[in-house]
Structures are given as structure tokens and as C-alpha cells.
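Accompanying notes for the structure given below.
Protein chains: 2
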Amino acid sequence: MTTLVKSITLEEFLQLSETKPASEYIEGKIHQKPLPQGEHSRLQGKLVTTVNGVAEPQKTALAFPELRCVFGDAAIIPDISVFRWERIPREPSGRITNRFETYPDWAIEILSPDQSQAKVLRNLLHCSQHGTELGWLIFPEEASILTIFPNQRVEMLMGTDPLPVLSNIDLSLTVEQVLSWLTI
Amino acid sequence: MTTLVKSITLEEFLQLSETKPASEYIEGKIHQKPLPQGEHSRLQGKLVTTVNGVAEPQKTALAFPELRCVFGDAAIIPDISVFRWERIPREPSGRITNRFETYPDWAIEILSPDQSQAKVLRNLLHCSQHGTELGWLIFPEEASILTIFPNQRVEMLMGTDPLPVLSNIDLSLTVEQVLSWLTI
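Chains B and C are the protein sequences, given in the same order. Per the numbering used here, the very first residue in the first sequence carries number 1; after that it's consecutive. Per the numbering used here, the very first residue in the second sequence carries number 185; after that it's consecutive.
Structure, rendered in C-alpha cells:
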């Protein structure tokens, strides 16, 4: 993670050219996301597939990997952003917009080795403070998932604990199940 | 951190001989604390001194470093445990007991490099669920402090944010001030 010390505004940040990995802007500072690796990529891909597998046919929600969400004077990119169907920003034509200027309903972060936990947690708390109903912070090394509920209430889940999902998504998952996706 | 996979009971754990660094027991598993190092030791020492500097003369509370607290089927050792004066366990003679079989009112953990973030957070949430009013998780590398309030509500503080303390302790601190103790 690289942090620029010089403070810039959100509008200035949004004019900058893209970086790879992508950069986020929160509390006046720019942070570059870590280089995605195996475990991270597997969980991200499988979660998007699993959520969309039930939510897309039922038109209840959509999961987006690496989507920049701009809201609350920040531009963050959760590993996965899930939007309820009716909250997906659309052009008048019905086409999905390119700029998402709102919070996701469910934000998921997967901790990478050596990634700053304080920073990903801060992103999820920023989401929660601005309307996100549910957050997950997945700790692959520790087989645990921290869940974030409204009013920034948190709970650490593990093993066979059932995982909370958005109310309109027909999905039952335990922590164990999600982590078992790492073994193929 | 070492984790024994074999599950044992709390009573069995409490019969084991001490380790150095000390070991904790939570959710059926034993975890050894990391070897304490410079930043950790400095913050731990200075916080104990600062809290006791105001709380001991006023007999409002006492801060204990590395104290084993046994409650809720766990034996955990926060880096600092603060007890309100009237809740400090005492023998009939008035002397402090050796075994603390209750939760601290305020628990503080200082993240060490390479320490499991999920594990220290789990310890603090265990405290919160069992009656601890306030938790701090200090991230020295990221100059942030995660604060844990009743019902496991959390807030990430940084910079000049004022830090919450127990209501009866006459202390005003900001995140910046606490982290400035690392520079002598």
C-alpha cells in the first residue's frame, strides 16, 4: 500500500489517471490497493459468482468486483460491492452507469497478506456510516470473517457460524464454506 | 503466535504451566502472545502510567499490564486491563486477588508486527460481549485506534480525534498524543 502524504481533494483525485492496482481516496489521502494474489482472487471470483448466481436471475441484487464507489467525500473500491437491484445506478436508457456515486448495500473486503487491516476496516466503516447495510472483512489466514452491521456494530464469525447476507438474497453460507473455496 | 489444534477445556488450560510470552485460551484453543517489542512495550508502559497517574490518587480505577482475566469460558490477557476501583477483585483482607475471574471495564490491545489482527479483535469483542465498557485496539503502524463500545459498536479514530476513556477517569487524550509517545 502506498500513501501519498500531500492532501488533495476528491475532485482532484478523480482527475488523476488510473493506477494498477487501483487507488482509493479517503480522508484526504490516496492509498493504492495491494497487488491481488491467488487467495484473494479466488475468493473474490467465487463470491461474485455465488451471489450473482442467485441474485441476478431473481433480479434482487448484483455483485461487482473492483468497482469504484464515490460517496461521503471518498472514492473507495471494495473487493466486492453488492447493490440491491433497484439501487444499481442506471442511465435513462436503462444501461448501467459508469460512475457509481453512491454506497454499496453490501461491501466485502478480503484481507491480503501484509495489507493494512486498519485501512480496509476504515473503508468498511466509511461504507457503514454512509448507508451500507452489511460489511464483510474476510481474514483468509485466520479463517474468520468480521461482519459489520448498521451503526458500526461488528461481530467476528468463524467455523460453522452462518453468514449474514442482504435480506433479499436467497443464500445460506457459513464461514467454513466460504474458506473451503480456497481448496480446489 | 502458536495455536494448538487439540481442543481442551478452560479448566485444563488453567492447570497448564505458564509460558513466556503468556498464553491465552479462547474458543477451545490456546494462543501464545507475541514476544513484546519496543513500540508495544513503550505504549503499554506509558498508558498504564498515564491512566494510573490520574485514576489511582482519585481511587476511580487501576490499570494492569498483562493481567490474565478469566470469564466467559476464556482466559485472555489484554495488553492493559483497566478496572473501576470498586470492581477490582479483593480478598476479604482488602488485598488484591491473584486470580481475576471477571472482565475488565476497559481493555486495550496494541497490535504487534505480524500479530494476528483477527485474534486481538476477537479478544476485544469477547470482552465487549461479556460486559467490558470500552476497548481500544491500537495500530501503531497506521497511527489509528479502533475503539469498541457496548453492543460491539466500533469506531476508527486517528489524528486529533479525542479518545474515549472510562467515564470516571479524568483524562483527555487524542490519537496523535498517544502515538507521539513512541518518539522520545
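Just so it is clear, CB atoms sit at the ideal spot from N, CA and C, and this is done for glycine as well.
Neighbourhood of residue i by C-beta, 7 Å cutoff - its chain only, sequence neighbours within 5 removed
i: residue 343 of chain C; result: 359, 360
i: residue 121 of chain B; result: 137
i: residue 251 of chain C; result: 261, 265, 284
i: residue 52 of chain B; result: 62, 63
i: residue 13 of chain B; result: 25, 30, 75
i: residue 201 of chain C; result: none
i: residue 19 of chain B; result: 32
Terminal residues of the beta strand (DSSP E) in which residue i lies
i: residue 180 of chain B; result: Taken as a continuous stretch (DSSP letters only), residue 180 of chain B belongs to no beta strand (DSSP E), being part of the alpha helix (DSSP H) at 175 to 180.
i: residue 111 of chain B; result: Looking at the DSSP string, residue 111 of chain B is not in any beta strand (DSSP E), and its letter there is neither H nor E.
i: residue 149 of chain B; result: 144 to 149
i: residue 32 of chain B; result: 29 to 32
i: residue 25 of chain B; result: 23 to 26
i: residue 62 of chain B; result: 61 to 65
i: residue 254 of chain C; result: 253 to 255
i: residue 274 of chain C; result: That residue, residue 274 of chain C, is in no beta strand (DSSP E); it is neither H nor E in DSSP.
i: residue 155 of chain B; result: 153 to 158
i: residue 370 of chain C; result: Nothing can be reported for residue 370 of chain C: it is not among the residues displayed for chain C, which extend from 185 to 368.
i: residue 137 of chain B; result: 134 to 139
i: residue 260 of chain C; result: 258 to 260
Where the alpha helix (DSSP H) containing residue i begins and where it ends
i: residue 305 of chain C; result: 301 to 313
i: residue 185 of chain B; result: The structure shown does not extend to residue 185 of chain B, since chain B spans only 1 to 184, so no value can be given for it.
i: residue 198 of chain C; result: 194 to 199
Per-residue contacts from residue i into chain C (C-beta, under 8 Å)
i: residue 146 of chain B; result: 302, 305
i: residue 152 of chain B; result: 337, 338, 339
Interface residues of chain B facing residue i [CB-CB closer than 7 Å]
i: residue 326 of chain C; result: 116, 118, 119
i: residue 323 of chain C; result: 118
Cross-chain neighbours of residue i in chain B, by beta carbon under 8 Å
i: residue 309 of chain C; result: 154, 155, 156
Cβ-Cβ distance between residue i and residue j below 7 Å
i: residue 290 of chain C; j: residue 350 of chain C; result: yes
i: residue 54 of chain B; j: residue 171 of chain B; result: yes
i: residue 227 of chain C; j: residue 294 of chain C; result: yes
i: residue 9 of chain B; j: residue 168 of chain B; result: no
i: residue 154 of chain B; j: residue 338 of chain C; result: yes
i: residue 265 of chain C; j: residue 248 of chain C; result: yes
i: residue 319 of chain C; j: residue 332 of chain C; result: yes
8 Å CB neighbourhood of residue i in its chain, flanking five on each side removed
i: residue 1 of chain B; result: Legend: pLDDT at residue 1 of chain B = 47, less than 50; position of this residue unreliable, value from coordinates given subsequently. Result list for residue 1 of chain B: 31, 32, 33, 34, 115, 116, 119, in chain order.
i: residue 367 of chain C; result: none
i: residue 324 of chain C; result: 223, 224, 227, 294, 295, 363, 366
i: residue 157 of chain B; result: 144, 145, 146, 147, 163, 175
i: residue 280 of chain C; result: 272, 273, 274
Cut-off 6 Å between Cβ atoms - residues of its own chain near residue i, not counting five sequence neighbours on either side
i: residue 347 of chain C; result: 357
i: residue 309 of chain C; result: 336
i: residue 191 of chain C; result: 212
Could you say if the region 255 to 272 of chain C and the region 282 to 289 of chain C meet the contact criterion of at least three C-beta pairs nearer than 8 Å? Contact annotation: the region 255 to 272 of chain C touches the region 282 to 289 of chain C, with at least three C-beta pairs closer than 8 Å.
May I ask you to verify whether the region 253 to 265 of chain C touches the region 208 to 215 of chain C, counting CB pairs closer than 8 Å and requiring at least 3? In short, these stretches touch, since the Cβ pair count reaches three.
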